[in-house]
Ligand code: PEP
C-alpha cells in the first residue's frame, strides 16, 4: 500500500517568525500522524529556519521550485543541490501558478524533474487542466500531454520515486474543489498511463496527490478514493490545525498498514 503524503505549499506567504511558528506547531503534533508522511514547503528564504525547527523530527521539508542547472550565471535561480543543502528532500515542480503566471513549459518542468532526481531530491510534479479545457472535454488529453512532456526520460525506478500532483487549475485557491469522482477519474487515468508507459508494478508504486481547495471538511472523501494517495494543500496548510486535520483524514484512511516507498 502507498503511504499517504500530505504536503503543504506555503506559496509566497509567512515571514521568518510565522514560518518557524507554523513549522513548530506541525512538528510538535506530528507524532500522532505516523501513518502519513507530512511535508511542508516554505519560501526559499525560510528553508533553513524551518529545517532547524524540524530537525530530529519526522516532518519533511520541500521547496516550491528550482532551476535545472547545477550552478553558474543564472541570476535569481536556485539549484537542487542548494535546496538539499538547506535541508530539503522534496521539490514541487510545474505548479500551475508557475505554468500559467510565469509561463513554464512541460519541457522546462521536465529538465527540472530530471535534475531534481539527479541531485537526490524527490520531485512533486504538478499537472492539471484549465476550466475551459475541462468544459471542452479535454481533461484526459491535457493531463496525458503534461505527463508525457514533464516526465519524459525517467527510468521506471525514478518514475516510481516521483510524486505526481493532480491539481485542476480551476480548483486552486478558488474554494471550488473537484468532486471525489472527478479526482479519482483523473488519478486512475494517470495510473493507467504510467502502466502503459512503464508497467503495472511501477504504476502501483507512484504516489498521486490531489490538490485544489482541500480543506478539513472535504479531505476524507477525497483521500478515500483508491487512487488518491495524499494531498497538496495550499491555503489550508497555513494553519497548523487545518493542515493536521487534513492529515488526520489521511491517517484514518491509511491505518497502520502502510509502507514507506523505498526511496522516499
Ligand atoms: C496549491 O497551491 O497547490 C493548492 C492546491 O492551493 P489551495 O489548496 O489553496 O487550492
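Residue numbers (my numbering): 1031 to 1294.
Where is the CB? At the ideal position from N, CA and C, for every residue including glycine.
Quantities reported herein were computed from a predicted structural model and do not represent experimental measurements.
For residue i, does the three-state DSSP call read helix, strand or coil?
i	result
residue 1191	helix
residue 1281	helix
residue 1275	helix
residue 1239	strand
Mind checking which residues open and close the beta strand (DSSP E) that includes residue i?
i	result
residue 1037	1035–1039
residue 1050	First-last for residue 1050: 1046–1059, but that is the alpha helix (DSSP H), not the beta strand (DSSP E).
residue 1152	1152–1157
Along the chain, where does the alpha helix (DSSP H) that runs through residue i open and close?
i	result
residue 1262	Here residue 1262 belongs to no alpha helix (DSSP H); instead the beta strand (DSSP E) covers 1260–1263.
residue 1179	1169–1180
residue 1219	1210–1227
residue 1250	1249–1253
residue 1161	1161–1165
Going straight from the alpha carbon of residue i to that of residue j, what length do you get?
i	j	result
residue 1198	residue 1171	13 Å
residue 1201	residue 1035	19 Å
residue 1142	residue 1123	7 Å
residue 1219	residue 1275	28 Å
residue 1263	residue 1070	10 Å
residue 1145	residue 1095	12 Å
residue 1120	residue 1136	19 Å
residue 1257	residue 1209	14 Å
residue 1229	residue 1250	29 Å
Measuring alpha carbon to alpha carbon, tell me which of the options ends up nearest residue i.
i	options	result
residue 1152	1161, 1093 and 1126	1093
residue 1241	1090, 1073, 1157 and 1059	1157
residue 1061	1051, 1076, 1090 and 1251	1090
residue 1050	1077, 1038 and 1177	1077
residue 1277	1160, 1222 and 1066	1066
residue 1239	1080, 1192, 1272 and 1045	1192
residue 1232	1213, 1154 and 1185	1185
residue 1175	1245, 1223, 1237 and 1074	1223
Report task. Starting from the N-terminal side, write out each stretch of the beta strand (DSSP E) that is 3 residues or longer and does not extend beyond the stretch 1056–1138. Result -> 1067–1071, 1090–1093 and 1120–1123
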